[in-house]
Each structure stands twice: as C-alpha cells, then as structure tokens.
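Colleague:
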Amino acid sequence: MNSKNQQPFKYMLNNKDVIINFINNSKSASEAWKKLSSNLPDLKRCMKFNTFKVYSKILVIVSFLINNYKNLIIELKKENKVLMKNIDTFNARELNLNFRLNEAAQKDKERLCLIDKVRHELDEISLENSKVKKELDKVRQNFYDKINENSQLKSHLDSTLKVKHEIHLDLTEVRQRLIKISTEKSTIKAELDKIKSKLSKLVKSQDTNIIGDSVPKRINGWGVQFKYPYYRIFKKINGKVKWIYIGKKFSTELVLSKIDEFFKNNEG
Numbered sequence: 007m008n009s010k011n012q013q014p015f016k017y018m019l020n021n022k023d024v025i026i027n028f029i030n031n032s033k034s035a036s037e038a039w040k041k042l043s044s045n046l047p048d049l050k051r052c053m054k055f056n057t058f059k060v061y062s063k064i065l066v067i068v069s070f071l072i073n074n075y076k077n078l079i080i081e082l083k084k085e086n087k088v089l090m091k092n093i094d095t096f097n098a099r100e101l102n103l104n105f106r107l108n109e110a111a112q113k114d115k116e117r118l119c120l121i122d123k124v125r126h127e128l129d130e131i132s133l134e135n136s137k138v139k140k141e142l143d144k145v146r147q148n149f150y151d152k153i154n155e156n157s158q159l160k161s162h163l164d165s166t167l168k169v170k171h172e173i174h175l176d177l178t179e180v181r182q183r184l185i186k187i188s189t190e191k192s193t194i195k196a197e198l199d200k201i202k203s204k205l206s207k208l209v210k211s212q213d214t215n216i217i218g219d220s221v222p223k224r225i226n227g228w229g230v231q232f233k234y235p236y237y238r239i240f241k242k243i244n245g246k247v248k249w250i251y252i253g254k255k256f257s258t259e260l261v262l263s264k265i266d267e268f269f270k271n272n273e274g
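So the sequence shown is numbered by the numbering used here: it starts at 7 and just counts up by one.
(1) Along the beta strand (DSSP E) that carries Val247, what are the first and last residues, could you check?
(2) If you reduce the DSSP assignment to three classes, tell me which class Leu107 lands in.
(3) Residues in the same chain with beta-carbon distance under 8 Å from Ala98, minus the five sequence neighbours each way, listed in chain order, please.
(4) If you follow the beta strand (DSSP E) that Phe280 is part of, which residue opens it and which one closes it?
(5) Would you report the Cα separation of Asn215 and Lys233, rounded to the nearest angstrom?
(6) Drop a sphere of 10 angstroms on the beta-carbon of Val68, count the other beta-carbons inside from all chains shown, and report buried for 16 or more, exposed for fewer.
(7) Could you check if Pro235 is buried or exposed, using at least 16 other CB atoms within 10 Å of its CB as the buried criterion?
(8) I need the straight-line Cα distance from Lys76 to Tyr17, nearest angstrom please.
(9) Residues in the same chain with beta-carbon distance under 6 Å from Ile121, minus the five sequence neighbours each way, listed in chain order, please.
(10) Does the separation of the CB atoms of Thr166 and Leu118 fall below 8 Å?
(11) Thinking just about the alpha-carbon of each residue, which of Val66, Glu172 and Lys50 is nearest to the one in Asn31?
(12) Identify whether Lys137 lies in helix, strand or coil by the three-state DSSP scheme.
(13) Just to confirm, are Ile239 and Val261 a CB contact at a threshold of 8 Å?
(14) Starting from Lys242, trace the beta strand (DSSP E) both ways and give me its first and last residue.
(15) With C-beta atoms as the reference, is Asn156 less than 8 Å away from Asp114?
(16) Candidates Gly245, Tyr150 and Ile225: which alpha carbon is nearest Ser257's?
(17) Bridge partners of Ile72, per DSSP?
(18) Please report how far the alpha carbon of Gln112 lies from the alpha carbon of Phe105, in whole angstroms.
(19) Identify the residues that DSSP records as bridge partners of Ile225: which are they?
(20) Given this structure, state the Cα-to-Cα distance separating Phe28 from Glu172, to the nearest angstrom.
(21) From Asn21 to Glu179, what does the alpha carbon distance come to, in whole angstroms?
(22) Suppose the cutoff is 6 Å on Cβ atoms and the five residues either side in sequence are ignored; what does the same chain contact list for Asn135 look like?
(23) Since I believe Lys248 is in contact with Gly229 (beta carbons under 8 Å), could you give me their beta-carbon distance rounded to a whole number of angstroms?
(24) Could you give the distance in angstroms between the alpha-carbon of Ile250 and the alpha-carbon of Ile72?
Here is the structure:
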C-alpha cells in the first residue's frame with residue numbers, strides 16, 4: 007500500500023524499530039523528526055510533524071509494553087522449564103522410594119515367615135531333653151536378634167513413608183505454583199488487550215472527521231471538511247477535485263476570501 011494512503015499510526019507501527027531508535031537517540035521530537043525524514047522519505051507524505059509528535063509518545067508506550075510482555079513470557083517459559091525439570095526429579099525419587107518400600111515390605115514378609123517357622127521349632131524343641139536346651143537358647147537369641155532387626159526395618163519404613171509424604175507435599179506446591187503462573191499470564195494478557203483497545207480507540211478518535219454544529223457543510227458549492235485539527239474545503243472543477251486549506255479556525259469570511267484568491271490564482 008502506498009505510504010500516503012496509510013494511517014499515520016499504522017505507518018509508525020510498521021516502522022516501529024527504526025522510529026523508536028531515532029527517538030531514543032534524539033534530544034527532542036523535532037530532532038527525531040528531522041533525522042527520520044532523511045531515513046524514511048515516506049514519513050512526511052504520511053503525516054505532519056504535530057501528528058508525529060503526538061503518536062511518537064503513544065508508540066514509545068506501546069513499544070515498552072510489548073517488550074515487557076515479551077520479556078515476561080520468556081521468564082515464565084524459563085521458570086516453567088525449571089519447574090518441569092524439578093517435577094521429573096521428584097517423580098524419579100518417588101519411583102525409587104516406592105521400589106525400596108516394596109523391597110523392604112518383601113523382606114519384612116520373609117522375616118515374619120521366618121519368625122513363624124522359629125516359633126514352630128520352639129514348640130517342638132520344648133519337648134526335647136536338656137541337651138537340646140542349649141541349642142534352644144541359641145535359637146531364642148537368634149529370634150530376638152531378628153526381632154530387633156525387624157524393629158529397625160520398621161523404623162526405616164516409617165522414615166521412608168515420611169519422605170514420601172514430604173515429596174507429595176512438594177509436588178502439590180509445584181502444581182499450585184504452575185496454576186498461579188498460568189493465571190497471572192492470562193491476567194497480564196487481558197490487561198495488555200485492554201491497553202491495546204484503548205490505544206486503538208485513541209488513534210481512531212484523532213483520525214475521525216468532525217465538523218462542528220456551527221460550521222456549514224457547504225459554502226458557495228464548496229464542501230467543508232474538518233480533519234483534526236484543520237479545516238479544508240473541496241470542489242470538483244473540470245473533472246478534478248480541488249482543495250483549499252483554511253486552517254485551525256473556521257469563519258465564512260475567511261473561506262470566501264480563500265475562494266476568491268483561488269480563482270484569481272487560477273485564472274486563464
């Protein structure tokens with residue numbers, strides 16, 4: 007599309023990076039305008055300096071918001087990646103603990119079976135003579151040793167269950183944090199959409215053609231147009247539309263004098 011037919015703010019958005027660079031490296035809007043006029047030849051055909059001065063402030067805000075939004079998304083992605091890595095580590099630890107827990111339970115089962123067997127042997131040994139009594143005492147001592155070992159295993163099992171519970175709490179906290187991050191991301195996006203909507207309305211409001219109630223729509227066959235902040239009049243002459251610039255203030259006397267001046271300058 008020809009730059010002359012583009013809306014000023016849309017043109018500035020299309021050349022955002024170049025314009026923001028010159029604004030940041032200029033002491034004033036006037037200096038930035040002069041530099042940009044040399045680097046963007048279409049700039050002056052698309053807008054006037056006053057329009058550029060107003061829109062440049064909006065463009066700086068929009069650029070700042072967009073950069074902040076992009077940086078926030080990058081940070082959120084990094085944090086999410088770290089959290090997912092932690093979850094994988096926790097899952098691996100939980101799997102290892104489950105394996106160890108099952109292994110300990112199996113050993114405990116085997117020891118209980120052994121204890122039952124020893125008890126049965128004790129019932130048989132109690133019927134034997136005194137020669138067997140010494141052997142019986144030995145078996146009983148072995149039995150007590152095994153009970154003590156079983157107690158230690160039970161203590162280790164309780165500790166393992168406690169660690170498993172702590173890991174479960176950590177996983178719950180991580181999930182809640184992920185949900186919070188997702189909610190904050192949605193809130194930021196909604197706020198950015200609101201800002202974009204307000205900026206869009208602001209741009210449209212400054213580009214809307216308005217003619218006050220006190221200004222006639224036509225004078226001596228010439229149509230009247232108000233394009234913020236200037237008045238102009240137009241008329242089709244010999245198949246071509248002719249325009250006359252009036253200025254910021256409108257008066258019938260001024261318009262008539264401009265029309266007379268136009269025809270004097272175009273006689274012959």
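Note that CB positions come from ideal geometry on N, CA and C, so glycine has one too.
Modeller: In terms of the structure at hand:
(1) Lys246 to Gly253
(2) helix
(3) none
(4) The chain is shown from 7 up to 274; residue 280 falls before or after that span and cannot be answered.
(5) Low per-residue confidence applies at Asn215: pLDDT is 41, beneath 50, and the placement is therefore not dependable enough to give any value.
(6) buried
(7) exposed
(8) 22 Å
(9) Its pLDDT being 40, under 50, Ile121 is placed unreliably by the model, and nothing is read from it.
(10) no
(11) Val66
(12) In the structure shown, Lys137 sits in a helix (DSSP, three-state: H, G or I).
(13) Yes. Within cutoff.
(14) For Lys242, the uninterrupted beta strand (DSSP E) run begins and ends at Tyr236 to Ile243, by DSSP.
(15) yes
(16) Ile225
(17) Ile72 pairs with nothing; no bridge assigned.
(18) 11 Å
(19) According to DSSP, which records beta bridges pairwise, Ile225 is partnered with Trp228.
(20) Taking the straight line joining both Cα atoms gives about 56 Å.
(21) 45 Å
(22) Low confidence applies here, because Asn135 scores a pLDDT of 46, under 50, leaving its location unreliable; read the following figure in that light. Hits under 6 Å: none found.
(23) That pair is no contact at about 11 Å.
(24) 41 Å
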